[in-house]
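Quick note on the numbering used here: the sequence shown kicks off at 71 and runs consecutively.
Even glycine gets a Cβ: it sits at the ideal position worked out from N, Cα and C.
The structure displayed is predicted, hence computed values, not measured ones.
One structure is given here, and the rest of the page talks about it.
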Amino acid sequence: MRKRKPHLLFLLATCLLIEVAFFQGLAVALGSSSSHDEPWNPDHIDRLPPDVRNVLLHSCRGRIQAAHYFATYLDHARTVRLHFENLRCDGEQRFKRRDSCLHEEFVAFGAGHRLMKRYYAPCND
């Protein structure tokens with residue numbers, strides 16, 4: 071049997087401890103970092119499918135912001151429902167009628183999405 075050198079064993083154990091400590095620290099850092107999502111965040115618009123986002127940008131001039139639940143996804147993200155009570159845009163807004171707010175539903179069709187329903191429903195539904 072070959073005799074192992076103690077300093078190599080010590081070096082291996084030290085490297086292993088450093089690696090464990092590093093990855094444990096990394097896991098704590100990643101787990102504790104909370105990505106703060108502002109309530110009115112332009113990212114809520116940027117994350118929409120491109121064709122849905124383009125339709126929205128044409129209906130709202132100037133600066134545009136959306137709240138967390140402006141867009142909801144149904145049927146495994148095949149349907150995108152927009153809740154316009156959770157949208158802010160500069161200029162004239164025609165998204166509300168009395169106690170009802172505009173809703174639009176886009177359905178995946180081929181490589182894009184098509185507007186399938188446009189209706190007014192209770193706000194914050």
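Which term fits Ser103, buried or exposed, when burial requires 16 or more other beta carbons within 10 angstroms of its beta carbon?
-> Low confidence applies to Ser103: its pLDDT is 47, below 50, so where it sits in the model is not reliable, and the reading given next is rough at best. Classified as exposed, Ser103 has fewer than 16 neighbouring CB atoms from the shown chains inside 10 Å of its CB.
>> Suppose you measure from the CA of Leu118 to the CA of Arg167; what does that come to, to the nearest Å?
In response: Using only the alpha carbons, I get a separation of about 25 Å.
Beta-carbon within less than 8 Å of Pro192's beta-carbon, same chain only, minus the 5 sequence neighbours each way: which residues are those? The answer, listed in chain order, is Asp169, Ser170, Cys171.
*asked:* For Phe165, tell me which candidate among Cys130, Lys187, Asp195 has the shortest Cα-Cα distance.
replied: When Cys130, Lys187, Asp195 are compared, the shortest CA-CA separation from Phe165 is found for Cys130.
Check Arg117 in the structure and name its three-state DSSP category.
In this structure, Arg117 counts as coil in the three-state DSSP scheme.
For His62, the nearest candidate out of Pro120, Cys159, Asp195, Gln135 (CA to CA)
Given that the chain is displayed from residue 71 to residue 195, the structure contains no residue 62 and the question cannot be resolved.
Who are Leu172's beta bridge partners in DSSP?
-> Tyr190, per the DSSP bridge assignment.
If I'm right that Leu127 touches Phe140 with Cβ under 8 Å, what's the distance once you round it to whole angstroms?
In this structure Leu127 does not touch Phe140 by the C-beta definition: roughly 13 Å separates them, more than the 8 Å allowed.
Next on the checklist: Going by DSSP in three states, Arg123 sits in which element: helix, strand or coil?
Outcome noted: Arg123: helix per DSSP, three-state reduction.
Next on the checklist: Which same chain residues end up closer than 6 Å to Ala99 when comparing Cβ atoms and leaving out the 5 residues on each side of it in sequence?
Outcome noted: Summary for Ala99: the model assigns pLDDT 48, below 50, so the residue's position carries little reliability; its value from the coordinates is reported in the next sentence. Taking C-beta separations shorter than 6 Å and ignoring five residues to either side along the sequence, Ala99 has no partners in its chain.
### Message
Using the three-state DSSP reduction, which class does Ser103 fall into: helix, strand or coil?
### Response
Because the pLDDT at Ser103 is just 47, under 50, the model does not fix this residue reliably, and the value given afterwards should be weighed accordingly. The three-state reading of DSSP puts Ser103 in coil, since its state is none of H, G, I, E or B.
Exercise. Just tell me which of Asp121, Asn111, Pro112, Pro109 has its CA closest to the CA of Ala181.
Key: Minimum Cα distance to Ala181 is reached at Asp121.
Query raised in the report: In whole angstroms, what separates the C-alpha of Leu152 from that of Glu175?
Result: C-alpha separation (whole angstroms): 6 Å.
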